[in-house]
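In this note's numbering, the protein residues as written are 59 to 155. To start, the structure itself, in structure tokens.
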Amino acid sequence: MRKFSNEFSLAQAIESFLQENNLKDKLLLHRIKSDWAEVVGPIIAAQTEKVWFHKGILYIQIKNPILKTELFYLREQIKDYINAQAAKDLCQEVRVF
Numbered sequence: 059m060r061k062f063s064n065e066f067s068l069a070q071a072i073e074s075f076l077q078e079n080n081l082k083d084k085l086l087l088h089r090i091k092s093d094w095a096e097v098v099g100p101i102i103a104a105q106t107e108k109v110w111f112h113k114g115i116l117y118i119q120i121k122n123p124i125l126k127t128e129l130f131y132l133r134e135q136i137k138d139y140i141n142a143q144a145a146k147d148l149c150q151e152v153r154v155f
């Protein structure tokens with residue numbers, strides 16, 4: 059089948075839609091939230107109260123103070139994981155409280 063210049067594959071159309079509506083980063087962050095147990099492990103994920111992203115900063119609210127300290131030391135690894143998944147520097151900082 060011949061492809062005309064104004065035809066796109068479904069993947070290209072979805073990618074274009076996500077880019078035009080600034081949804082690609084939001085979709086990625088939603089995926090990270092839904093896969094949070096894989097990112098930090100099931101024990102830390104069970105103690106996590108809230109995870110959100112605002113202006114390049116990933117905020118993590120956690121119940122257990124011991125796990126909070128553990129996450130504090132994993133901040134760079136979490137940031138690197140998010141940026142690797144995004145294929146760009148989406149996350150500049152991780153804050154744990």
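Even for Gly, the Cβ is constructed at its ideal location relative to N, Cα and C. Just so you know, these numbers come straight off a predicted model, no measurement behind them.
Judged by beta-carbon spacing, V97 lies within the 8 Å limit of I136, meaning their Cβ atoms are closer than that value.
In the three-state DSSP reduction, E107 falls in the strand class (E or B). For L68, the number of other beta carbons within 10 angstroms of its own is below 16, and it is reported as exposed. Contact between I120 and E107 holds, since their C-beta atoms are separated by about 6 Å, short of 8 Å. Taking C-beta separations shorter than 8 Å and ignoring five residues to either side along the sequence, the partners of N122 in its chain run Q105, following chain order. F111 counts as buried, since at least 16 other C-beta atoms from the protein chains shown sit within 10 angstroms of its C-beta.
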